[in-house]
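Anchor point for the sequence shown: position 39 equals 30 in my numbering, and the numbering is continuous, going up by one each time. Data block below; observations after.
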Amino acid sequence: MKQNKVLQMLGLAKRAGKVASGEFMTERTVKDGKAWLVIVAADASDNTRKMFRNMCEFYQVQICEYGNKEELGHAIGNEMRASLAITDEGFAKTILKHLEETNTEVNK
-8 MKQNKVLQML
2 GLAKRAGKVA
12 SGEFMTERTV
22 KDGKAWLVIV
32 AADASDNTRK
42 MFRNMCEFYQ
52 VQICEYGNKE
62 ELGHAIGNEM
72 RASLAITDEG
82 FAKTILKHLE
92 ETNTEVNK
C-alpha cells in the first residue's frame, strides 16, 4: 500500500516537529519561507486549493493535492486538516518520492 507510506511519513514529520497544519499555519509557513512542500486535501474547497496553488507558485514552493481532510488530519494526530506544510527538506523529498510512486501530480 503506497498511499500509507505518504501518510506514515506525515506522521513521522509531525512527531519530529516538521509539519505546520491548518490554513493559517500553512500560509504563514509558506510566506515565512520555511515550507518545502505544501499538501492540500483533494476535498478541500476550491477557494482553498486555488489560494494555496497561487501562493505556492508565487513563493516557489512545491504543492500537491493528496488524500482527503480526514486522512491528512488523522496522519498527524488531529481532526480534519485541509492543508499541511512540510518544513524539513529531507521529509519533503521523501514524501515527494512516495507521491511520485503513487503518480500524484506535484506542481513545482
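C-beta: ideal position from N, C-alpha, C; glycine also.
Pairing L1 with L63 gives a Cβ-Cβ distance under 9 angstroms.
In the three-state reduction of the DSSP assignment, E56 falls in the strand class. Under the three-pair Cβ rule at 8 angstroms, the region -5 to 9 does not count as touching the region 41 to 54.
Contact annotation, D37 with N59: C-beta distance approximately 15 angstroms; criterion of less than 8 angstroms not satisfied. With contacts defined by Cβ atoms closer than 9 angstroms, M46 and K25 do not form a contacting pair. Separation of E70 and A4 (C-alpha to C-alpha, rounded to the nearest whole angstrom) is 17 angstroms.
When secondary structure is reduced to three states using DSSP, A66 falls in the helix class. Taking a C-beta distance under 9 angstroms as the contact criterion, L28 and A73 do not qualify as a contact pair. Judged by DSSP in its simplified three-state form, A83 adopts helix.
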